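In the numbering used here, the protein residues as written are 61 to 386.
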């Protein structure tokens, strides 16, 4: 049995764990609605909203901890606020209670995830080093300040990879099947990924998504990948006509159907294998303004979620107290 500041800190951590789980459940329920609404936002605001959604279990948990901490130390609060968020005997903590069990489970899950992701980073780094060695110095050149490796392969593909120093990789098969204008469109698209450090942010976004069930994780990753591809497409239209970019995209997508189905692209940014129809539609009919109803939905979601979670944490705590001893 722990008493005092240590007990308060552990109880607040258990608040964070419960809040985290509730937000994950809420997003699991709202996933179909989110999928329909995200396409209504322009690039900048969609990017902000996606990061807020992916990180929502973390920032909502922090908000809930702040609410419960405030309820504990601010003695001038109104009775309705104390009823809204009140944790009985917050200065007492037992490692054998359900609070302790929740903390042990959370620590184990995070540790396992950290080991898994560290292994994946090391494996990916080694793979990219081998690719660079395979290409050789004689098959490397620079364009617009970006390193481009030419890989001898019968598979027509191009991608950007590298968590800290992204490079562009293109195969000889693809080079042979596109003309000079199409090749310039492809390279400029990949250069846009490299400038934005998309492989790094894609991997970090994947880590945040790893805490969600597969249904939510896949939805968020698909939307994030679609966004980065559309933003790169948009960058290319500064130098080439929208229709030319769309036609090149469709052509490369057809060629890349030859890619092995087991290819792991979670740390890569491919040119023509992601949500082709949505990207072509955005190129030909770009969204220039976010509708007011979409803004209202987003603001409502961001405000209500932490308040609902804090209230539910309080109710859940009192419910569990009815069955378990601390």
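Backbone N, C-alpha and C fix where the C-beta goes; we use that ideal spot for every residue, glycine too.
Keep in mind the model is a prediction, meaning the values are calculated, not measured.
Query, Result
"C-alpha gap between residue 165 and residue 210, whole angstroms", "46 Å"
"Residue closest to residue 281, alpha-carbon to alpha-carbon, out of 65, 107 and 89", "107"
"Cβ pair residue 249, residue 313 closer than 7 Å", "no"
"Buried versus exposed call for residue 68 [16 or more other C-beta atoms within 10 Å across all chains shown]", "buried"
"CA-to-CA distance, residue 162 to residue 284, given in whole angstroms", "31 Å"
"Whether residue 76 touches residue 115 by CB criterion (7 Å)", "no"
"With 16 other Cβ atoms within 10 Å as the buried cut-off, status of residue 364", "exposed"
"Outcome for residue 360 when other beta-carbon atoms lying within 10 angstroms are tallied against a minimum of 16", "exposed"
"Contact check, residue 350 vs residue 179, beta carbons under 7 Å", "no"
"Status (buried if at least 16 other CB within 10 Å, exposed otherwise) for residue 339", "buried"
"Close beta carbons around residue 72, own chain, < 7 Å, minus the five adjacent residues each side", "125, 128 and 129"
"Delimiting residues of the beta strand (DSSP E) encompassing residue 219", "218 to 221"
"CB-CB length for residue 302 against residue 343, believed under 8 Å", "5 Å"
"C-beta contact flag for residue 300 and residue 247 at 7 Å", "no"
"Nearest-angstrom Cα separation, counted from residue 288 out to residue 223", "15 Å"
"C-alpha gap between residue 100 and residue 305, whole angstroms", "22 Å"
"Neighbour-count burial assignment, residue 138, 16 or more Cβ in a 10 Å radius", "Because the pLDDT of residue 138 is 49, which lies under 50, any placement of that residue in the model is unreliable, and the number read from its coordinates should be weighed accordingly. By the 10 Å Cβ count, residue 138 comes out exposed."
"Endpoints, alpha helix (DSSP H) assigned at residue 288", "274 to 296"
"C-beta contact flag for residue 252 and residue 295 at 7 Å", "yes"
"Whether residue 82 touches residue 369 by CB criterion (7 Å)", "yes"
"Buried or exposed (CB count within 10 angstroms, at least 16 for buried), residue 174", "exposed"
"DSSP-derived helix/strand/coil call for residue 238", "coil"
"Residue span of the beta strand (DSSP E) that contains residue 231, given as start and end", "227 to 231"
"Helix, strand or coil at residue 155 [DSSP, three-state]", "coil"
"For residue 275 and residue 9, the rounded distance between their alpha carbons", "Only positions 61 to 386 of the chain appear in the structure, and residue 9 is not among them; the question remains open."
"Nearest-angstrom Cβ-Cβ length linking residue 113 and residue 94, presumed shorter than 8 Å", "7 Å"
"Terminal residues of the beta strand (DSSP E) in which residue 211 lies", "206 to 211"
"Nonlocal neighbours in the same chain, by C-beta distance under 6 Å from residue 87, ignoring five residues either side", "276"
"Inter-residue spacing [alpha-carbon to alpha-carbon] between residue 286 and residue 157", "44 Å"
"For residue 92, the first and last residue of its enclosing alpha helix (DSSP H)", "65 to 98"
"Proximity of residue 217 and residue 316 at Cβ, strictly below 7 Å", "yes"
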